[in-house]
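A short write-up of the structure that comes next.
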Amino acid sequence: MSRIEIDPSIKYLEGTQRVLDPETTLARTTKLLPQIGVTRIANITDLDRVGIPVFSAIRPSAAAGAISIYSGKGSTETNARISAIMESFERCLAEQPEVSINLKGIPISSERVTDTYECLCENYPTLYPDTLLLPKHVDEFTSLEWILGYDIMNDVEVFVPANAVFHPYNPQAANKLFRSNTNGLASGNAIEEAILHGLLEVIERDSLSIAEYTRNPGREIILDENDGLNYELKRKMEVAGIKVKVWLLESDIDIPAVVTALDDTVLKDPALLVMGAGAHLSPEIAVTRALTEAAQSRVVQIHGAREDTDRERVVRTFGYDHMKKMNSYWYEDLEPVYMDELNDGSSDTPAENIDNVIERLDNIAEGAIIVDLSRGVEIPVIRAIIPMFELYTLDRERKGERIRKKKKRVISRGSAL
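Here numbering that gives the first Met the number 0 is used: position 312 in the sequence shown is 311, and no number is missing along the way.
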């Protein structure tokens, strides 16, 4: 069975959006690391002059085609360490059981089949592959691998292509639809936390995809002393000579999706023209995530250890001025917005937050599918899929109607340069 029961009794700690305090989470997850093959957690904060905590996790047993070094960010060292650890769980459990070294022989509870869409949909609710924004159409008679998920919006179990769930993905006896990615892959202290994080990431990537395609960063969030931690994080970067732009992306979903764009005005290194993004019902948390992820992006580029950081080599061929011009819209001066103008839609429990997200997706999305990947370790991991939501920021070959109906902004010559 793939139906997921959301527990309404689980509450956040007072004044937080966490089920457990960071110290408890860290102790709980650290002892499980040997089970997923993590050999080292490293503090790489000091590779950068900014000082916002960034950690890395090393997992040599990662499946072929996957990266083996993960990174984590946070406003404290504990939170950054937890972030790197949780990504390790996500990456391990996203691997196909057949190729997993660490969880070998431990099956996923969700049913898996190999069949054509045409045959499968006759007997079961089945997600039409084209709703995943395929690079090219695949006919209904193509043999695919499927896994059973749960559509929490429509309260129905539904088969989805396994290609949209596992990463890396190499079909055993069927066809591949697209390059797999980690969009919507999430973990948590409870499955409710994981579901919320997964849905928010898919929404974040949808908003960012539309912003990148239209070259429209939205409104600039102005932070001041009253904004506490977020102001301090921004000031840390500015004091180090980094220009910081924080953007509230335009979206038809009433959930704040935020981007932080950085420009190192001291080094003028094209590889350090980086961004971070975050989405949350709480605007404050969305901004914190975007700021800390931008700081993480800097350190990852400086560290240069991850297998997916070819970007550094490419952008340095173009040079700083060219890359800045190509991405000038992230550095423009546009309409401002202040934090006290933004509504906080978060609640006191993960279940209420999930309900709030689903309510905001109503009349925009046709479903919100969760596949439970949890197995072998006591950390829940899920994959969230919102059909028709955009992935342009991850895969330029995959564009849907939400992007196609938008018009690209015309940027004035010399803007932000």
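From the three backbone atoms N, C-alpha and C, an ideal C-beta is built for every residue, glycine too.
Predicted model only: the values in this text are computed from it and were never measured.
Comparing C-alpha positions only, which one of the options sits nearest to residue i?
i, options, result
"Ala285", "Arg312, Ile301, Trp246, Val273", "Trp246"
"Thr125", "Leu290, Glu249, Ile146, Asp138", "Ile146"
"Val298", "Asn362, Arg359, Ala270", "Ala270"
"Ser417", "Ser8, Lys235, Gln16", "This structure gives no information on residue 417, because the portion of the chain shown stretches from 0 to 416."
"Gln171", "Asp347, Ala185, Val98, Leu184", "Val98"
"Gln34", "Glu389, Arg408, Ile378", "Ile378"
"Val257", "Gly277, Leu266, Val243", "Gly277"
"Ser142", "Leu360, Val159, Thr113, Glu76", "Thr113"
"Leu280", "Arg382, Glu94, Ala173, Arg359", "Arg359"
"Ser74", "Ala63, Ile51, Glu89", "Ile51"
"Gly318", "Asn162, Ile363, Lys267", "Lys267"
"Ser241", "Asn153, Leu228, Thr259, Ile43", "Checking the sequence, you will find Ile at residue 241 rather than Ser. Among Asn153, Leu228, Thr259, Ile43, the Cα nearest to that of Ile241 belongs to Thr259."
"Gly187", "Asn180, Phe177, Leu198", "Leu198"
"Val380", "Ile353, Ile369, Asp394", "Ile369"
"Asp339", "Asp226, Asp262, Lys407, Pro255", "Asp226"
"Ile43", "Pro216, Ile301, Leu184", "Ile301"
"Phe165", "Glu94, Pro216, Ile220, Leu102", "Glu94"
Which stretch, first to last residue, makes up the beta strand (DSSP E) that contains residue i?
i, result
"Gly277", "274–278"
"Asn42", "39–42"
"Asn268", "It should be pointed out that residue 268 corresponds to Asp in this sequence rather than to Asn. No beta strand (DSSP E) contains Asp268, which DSSP labels as neither H nor E."
"Pro52", "Unbroken run through Pro52: none, as it is neither H nor E."
"Pro349", "No beta strand (DSSP E) holds Pro349; the alpha helix (DSSP H) holding it covers 349–360."
"Asp371", "368–371"
"Pro335", "335–337"
"Gly71", "68–72"
"Ile423", "What the structure shows of the chain is the stretch from 0 to 416, and residue 423 is not part of that stretch, so it cannot be assessed."
"Ala383", "380–384"
"Arg218", "218–221"
Taking the alpha helix (DSSP H) that residue i falls in, what are its first and last residues?
i, result
"Thr24", "21–29"
"Asp263", "It is not in any alpha helix (DSSP H) - Asp263 instead sits in the beta strand (DSSP E) that spans 256–263."
"Ile402", "400–403"
"Glu438", "There is no way to answer for residue 438, as the model of the chain reaches only from 0 to 416."
"Lys324", "319–325"
Output yes if chain C places a C-beta closer than 8 Å to the C-beta of residue i; else output no.
i, result
"Gly148", "Of the chains in the structure shown, none is chain C; there is only one protein chain."
To the nearest angstrom, report how far apart residue i and residue j are at their CA atoms.
i, j, result
"Arg58", "Arg218", "39 Å"
"Pro106", "Thr392", "32 Å"
"Glu4", "Val157", "15 Å"
"Cys118", "Glu144", "13 Å"
"Met236", "Tyr123", "52 Å"
"Thr291", "Gly148", "32 Å"
"Val356", "Ala367", "10 Å"
"Asp150", "Glu351", "17 Å"
"Thr252", "Val201", "It should be noted that the sequence gives Ile, not Thr, for residue 252. So the two alpha carbons sit approximately 12 Å from each other."
"Val243", "Glu331", "11 Å"
"Tyr127", "Ile209", "23 Å"
"Gly375", "Gly399", "36 Å"
"Leu416", "Ser327", "Residue placement at Leu416 cannot be trusted, given a pLDDT of 47 that sits under 50; what the coordinates show is reported in the next sentence. For Leu416 and Ser327, the distance between alpha carbons rounds to 7 Å."
"Lys175", "Pro134", "11 Å"
"Ser373", "Asp320", "46 Å"
"Ser1", "Asp154", "11 Å"
"Leu19", "Ala56", "22 Å"
"Arg178", "Ser87", "20 Å"
"Arg401", "Ala383", "18 Å"
"Gly14", "Leu261", "30 Å"
In the structure shown, what three-state DSSP assignment does residue i receive?
i, result
"Thr77", "helix"
"Ile284", "helix"
"Arg312", "helix"
"Leu143", "strand"
"Phe158", "strand"
"Val243", "strand"
"Tyr330", "helix"
"Tyr11", "coil"
"Asp6", "coil"
"Tyr212", "helix"
"Asp251", "coil"
"Asp150", "strand"
"Glu224", "helix"
"Thr392", "coil"
"Leu416", "With a pLDDT of 47 at Leu416, under the threshold of 50, the modelled position of that residue is not reliable, and no figure is offered here."
Please indicate yes or no: does the CB of residue i lie closer than 7 Å to some heavy atom of the ligand GTP?
i, result
"Pro335", "Of the ligands one can find in the structure shown there are none, so the ligand GTP has no counterpart to examine."
Which full runs of the alpha helix (DSSP H) of 4+ residues lie inside the stretch 79–138, going along the chain?
-> 116–119
Every unbroken beta strand (DSSP E) within the stretch 161–210, with a cutoff of 3 residues, ordered by chain = 184–186
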